[in-house]
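**Q** Under full-length UniProt numbering, think of the first position of the sequence shown as 1, with each following residue one higher. Even glycine gets a Cβ: it sits at the ideal position worked out from N, Cα and C. Computed from a predicted structure; not experimentally measured. Handing you this structure, nothing more for now.
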Amino acid sequence: MFEYKLVIESLSSREEKDVDGAQLLVETLKAVGVEYVFANTGTDYPAILEAAAKLNAQGNDYPKLITVPHEMAAVSMAHGYAMVSGKPQVAMVHTLPGTANAVCGVINASRNMVPVILVAGRTPITEKGMQGSRDLYIHWAQESRDQAALLREFVKWDYEVRFPQQVPEVVLRAWRICLTEPQGPVYVVVPREWSMQKVEISSIPPVETYSPPSPPQADLSVVEKVAYMLLESERPVIATRFLGRNPGAVGELVKLSEMLAIPVNGALAMYMNFPTNNPLSYPYPLQEADLIFVINSGLPWIPDQVQPKPGAKIIHLDINPSFPEYPMWSFPAHVSVMGDSEKTLRLLTEVLGRRMSREHEERVRERYDEIKKLYAGWRKEMVEHAVRESSRTPISPAWLSYCIGRVKDDDDIVVNEYDFNPYYADFTKPGTYFFESDASCLGWSLAAALGAKLAAPEKTVIATVGDGAYIFCNPVACHFVSSSHRIPILVVVFNNRMWGAVRQTVEKYYPHGWVVRHGVRAGIDLKPSPRYDKVAEAHGAYAETVEDPGELENSLRRAKKVVEEEGNQALLNVVCG
């Protein structure tokens, strides 16, 4: 879990007490441990840019400002940094239009419960008479009656600064709220006048007095009830999507799963939730279970495709197991447990250890042997399928996924946005696999990978992305950031020259319709396919287009070597089909 450090000295100890709102903002961001500000600035930022330059010139290790030429990318970089480190960073955007462009990034962070502090300027309030008053034609048309309304549904808290003296408390409150479970983005608006106005302030409140609350542990009586239900079950299954958001919970899940031989459906969903080299990562069918233990999952199954069998018991464990942020969410639960998964699973395992009998232990051994055989057959089938596809052209996504698995190391981080199937690879360590938000606001992966690399510079970061999502990623902006700040990542584009999900949906609902019968490709195809390798090369990247499946692994190794040994970004445009 993230631990804060008090890193700011009292302003009263400095010669300069007369500071402006912008300096207070930068000072307080440093105090709460912000290391990077991912900025897409505008005419509302002169005071903030001046304060950042001034304070960094003093050599005090203030947050580093990184220019990001698109707001979605700026928010996604903050998202990527926080999902790896647990530490919220700041994205700064320009007034109303910048906020509008940032909305998709905010939705992703919200649905993934990732702490991000989004700061936006505001069109000057005053038309004249103050430093920072309106002086450009845009300052009238850009004003909104309620700028935060654009994204209020997807932030935990929003606030517009009323006076510059408020800035420290506003930042501290934003930091505290975004780190309070369930975590998520917050939004702070700073009018230009208040960033420029001088104030006399003697100190900034100590950060430790604003520390976020510790997450709750479930009630013991409820945990004992869950333990009883698990011990009585013949075929229990665990379903999860985002347990790995807290890396510490992964080890507790492994202990529980192994203690009772419960397979985990969702080992690799939104996060690395469970090691895939463990036989209990076998995706046991939920419809065959007599008990489904849903842990940290807003979508345990799709009702139109899967239904628990009649009489199956359902248990939900989450910090907020009713998911009120979803307007419609009607998954049943015989027991609904509110609590932090790491703490609650640890307590549950302790209770189970006291209750298990020899009869229970024998049942567990039999269940484990059965699942181990199923796992071995499943993994063998996966490998055999990939190898069968090894000579197919265009290159098979299964073969590409398998080759990525052969090339990557255990500590490498993969940020995935479509097409890469992680089950063709092995992920054994928490914090090494991240998937797009369930909201699927595409255009996240490249910038998130850049943020992840900043958070873990010692690790190799691989972004896997479909060609449609790559276009949404604002690749020029992302490759620019990689080049200008020397943030080397490997990008693998699964280029099938279409929006594959759109095609599949049309074929599902209209298998004999006009689109299928007449080969209509409007709204589906992305042809002629651009040379995505040339887009990367324009920013100094190493890049290849790969069409030969026999050369695929060698190409991956060459590109990975460039990233690791030369410290340069690399991209492979892999033509898939």
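(1) Below 8 Å, how does it come out for the segment 185 to 201 and the segment 156 to 166: are there three or more Cβ pairs, yes or no?
(2) Tell me the DSSP secondary structure of C104 in three-state form.
(3) Is T99 near L151, with beta carbons less than 8 Å apart?
(4) My assumption, with CB atoms under 8 Å, is that S341 sits in contact with L243. Please give the rounded CB distance.
(5) Alpha carbon to alpha carbon, how far is V32 from W140?
(6) How many angstroms separate the CA atom of residue 582 from the CA atom of E234?
(7) How many whole angstroms separate the CB atoms of L450 and P475, which I take to be in contact at a CB cut-off of 8 Å?
(8) Starting from Y137, follow the beta strand (DSSP E) in both directions and report where the run begins and ends.
(9) Could you name each continuous alpha helix (DSSP H) segment of 4 residues or more that falls completely within the segment 232 to 280, going from the start of the chain to the end?
(10) Considering only residues of the same chain and omitting the five flanking positions on each side of A541, which have a CB-CB separation below 7 Å?
(11) In its own chain, which residues sit with a C-beta less than 6 Å from the C-beta of K343, not counting the 5 before and 5 after it?
(12) Let me check one thing: in DSSP terms, what residues is G466 bridge-paired to?
(13) Thinking C-beta only, is A120 closer than 8 Å to M72?
(14) So, with DSSP's three-state summary, where would you put residue 657?
(15) Do V407 and R557 come within 8 Å of each other at the CB atom, strictly closer than that value?
(16) Quick check on the DSSP output: the alpha helix (DSSP H) that includes H316 runs from which residue to which?
(17) Assign K225 to one of three DSSP states: helix, strand, or coil.
(18) Under three-state DSSP, which class holds Q307?
(19) By Cβ distance, which residues of its chain are closer than 7 Å to G42, with the 5 residues on each side in sequence left out?
(20) Since M382 is in the alpha helix (DSSP H), which residue starts that stretch and which ends it?
(21) Assign S297 to one of two classes, buried (16 or more other C-beta atoms within 10 Å of its C-beta) or exposed (fewer than that).
(22) Below 6 Å CB to CB, which residues in the same chain sit around E181 once its five sequence neighbours on both sides are set aside?
(23) Looking only at C-alpha atoms, which of P247, D467, A398 and F434 sits nearest to I413?
(24) On the DSSP bridge list, what partners appear for F480?
(25) Nearest-angstrom Cα distance between V116 and V415?
(26) For C473, name the three-state secondary structure that DSSP assigns.
(27) Output yes or no for whether 8 Å exceeds the beta carbon distance between residue 591 and P63.
(28) Given a threshold of 16 other Cβ atoms within 10 Å of its Cβ, counted over all protein chains shown, does R392 qualify as buried or as exposed?
(29) Quick one: give me the first and last residue of the beta strand (DSSP E) that M77 is part of.
(30) Take N273 as the anchor and find which of A376, V254, S357 and M259 has the nearest alpha-carbon.
(31) Can you tell me the Cα-Cα spacing of V562 and I262, whole angstroms?
(32) Just the C-alpha distance for E259 and T349, rounded to the nearest angstrom, thanks.
(33) So, under 8 Å CB-CB, D533 and M498 are touching, yes? Tell me the CB distance rounded to an integer number of Å.
(34) How would you write the range of the beta strand (DSSP E) that Y433 sits in, first residue to last?
(35) So, does the segment 510 to 528 touch the segment 482 to 498, judging by three or more C-beta pairs under 8 Å?
(36) Which same chain residues, not among the five before or five after K5, have their C-beta less than 7 Å away from its C-beta?
**A** Based on what the coordinates show:
(1) yes
(2) helix
(3) yes
(4) 6 Å
(5) Taking the straight line from one Cα to the other gives about 34 Å.
(6) Any answer about residue 582 is impossible in this case: the structure gives the chain only from 1 up to 577.
(7) Going by Cβ atoms, the distance from L450 to P475 rounds to 12 Å, so no, they are not a contact pair.
(8) Premise fails: Y137 is in no beta strand (DSSP E) and is neither H nor E.
(9) 247 to 260
(10) H479, N568, Q569, A570 and L571, listed in sequence order.
(11) Q217
(12) F494
(13) No, these two residues do not count as a Cβ contact at 8 Å.
(14) This structure cannot speak to residue 657, because the chain is shown only from 1 to 577.
(15) The Cβ-Cβ distance between R557 and V407 falls below 8 Å.
(16) Taken as a continuous stretch (DSSP letters only), H316 belongs to no alpha helix (DSSP H), being part of the beta strand (DSSP E) at K313 to D318.
(17) helix
(18) Three-state result, Q307: coil.
(19) H94, T95, G98 and G121
(20) R358 to R388
(21) buried
(22) Result list for E181: P215 and I319, in chain order.
(23) F434
(24) In the DSSP output, where bridge partners are listed per residue, F480 has none listed.
(25) 18 Å
(26) Reduced to three states, the DSSP call for C473 is coil.
(27) No statement about residue 591 is possible, as the shown extent of the chain runs from 1 to 577 and does not include it.
(28) exposed
(29) Note, M77: premise wrong, no beta strand (DSSP E); alpha helix (DSSP H) at E71 to S85.
(30) V254
(31) 42 Å
(32) The sequence given here places Met at residue 259; Glu does not occur at that position. So the two alpha carbons sit approximately 8 Å from each other.
(33) Contact flag wrong, Cβ pair sits at about 19 Å.
(34) Y433 to F435
(35) Taking 8 Å as the limit for Cβ pairs, the verdict is that the segment 482 to 498 does touch the segment 510 to 528.
(36) Because K5 carries a pLDDT of 36, less than 50, the predicted location of this residue cannot be relied on, and the following value inherits that uncertainty. G33.
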